[in-house]
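In what follows, a structure is listed as structure tokens, so that the remarks can point back to it.
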Amino acid sequence: MKVMHLDSGLDWRGGQQQVYSLVTGLAKRQVSQFLVLRRKALLAQRLQDSGIPLEPLPLRFEWDLFSLLKLSRILRTYQPEIVHVHDSRTLGLLALLRMLGLPAKVIAARRVAFPTKKNLFWNMKYRKTPSKIVAVSRFVRDLLIRSGVDPEQIEVVYDGFDLNSLKSSFNRENARKKLGVPEEALLIGCVGQFTAEKGHEFLIRGFAKV
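Take a look at the structure:
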């Protein structure tokens, strides 16, 4: 099996961590893979020594003609059986290529808790282009269904994390010293990117009341 992964994220966030875990996990199972990522993406830096072929693209927006033409060439050369797109921007490119006769099956990841837009292009992206959509939660699945996606088209796959990798690199005492937290103090943490939709504001307000 030959799998191509597409992701347009520049930062190291939850989505990129999941792509990294998936790619490295499939590599252990000897699955042939090809990565298409944005230039200067932190994910590309972390995978540069993996031995997996990687092609950088601008991927600035869905209608990026240069990225579209280059991606079309890569697809013709590599000929993947599955194209796994990990965000909406790259799914837009695949939707355009599907109109041009892309033969590979498309798997789309949907990680954000926002409804899809209601226009013809987004309808093509999420209802016509993917063979399957992987929703990160039941809430995201329900949003897709309310947006008109066939429930049979959606699979819920929760994020995974290798706790052993955390144990090998994390030192509790050093972390507390770095944060300036006394050893005997109660410490409650929350892991997530500091963006509005994560709701950290409500967590902080709740902690203040407690």
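Residue numbers (our numbering): 938 to 1147. Glycine included, C-beta positions come from ideal geometry on N, C-alpha and C.
Exposed or buried, what is residue i when buried is set at 16 or more other beta-carbons lying within 10 Å of its beta-carbon?
i            : result
residue 943  : buried
residue 1142 : exposed
residue 1024 : buried
residue 1139 : exposed
residue 1062 : buried
residue 985  : exposed
residue 1110 : exposed
residue 953  : buried
Going by DSSP, what residues sit across from residue i in a beta bridge?
i            : result
residue 1047 : 1072
residue 942  : 972 and 1021
residue 1091 : 1070
residue 1042 : 1019
Just to confirm my understanding: we take residue i, look at its own chain, exclude 5 residues before and 5 after, and list those with CB closer than 8 Å. What are they?
i            : result
residue 1060 : 1085
residue 1129 : 951, 1135 and 1137
residue 971  : 939, 940, 941, 942, 989, 990, 991, 992, 1011, 1015 and 1017
residue 1039 : 1012, 1020 and 1031
For the alpha helix (DSSP H) containing residue i, list its first residue and its last residue.
i            : result
residue 1019 : Not the alpha helix (DSSP H): residue 1019 falls in the beta strand (DSSP E), residues 1019-1022.
residue 1132 : Counting along the chain, residue 1132 falls outside any alpha helix (DSSP H), and DSSP gives it neither H nor E.
residue 1109 : 1109-1116
residue 1125 : Note, residue 1125: premise wrong, no alpha helix (DSSP H); not H, not E.
CB-CB under 7 Å to residue i, same chain, minus the five flanking residues each way: which ones, in chain order?
i            : result
residue 983  : 957
residue 1003 : 995
residue 978  : 946 and 947
residue 955  : 1096
residue 974  : 944, 980, 981, 991 and 993
residue 1076 : 1050
Between which two residues does the beta strand (DSSP E) containing residue i stretch?
i           : result
residue 994 : 991-994
Leaving out five residues on either side along the sequence, give the residues of the same chain with a beta carbon under 6 Å from the beta carbon of residue i.
i            : result
residue 1124 : 1118
residue 1078 : 1072, 1091 and 1093
residue 1006 : none
residue 1011 : 992
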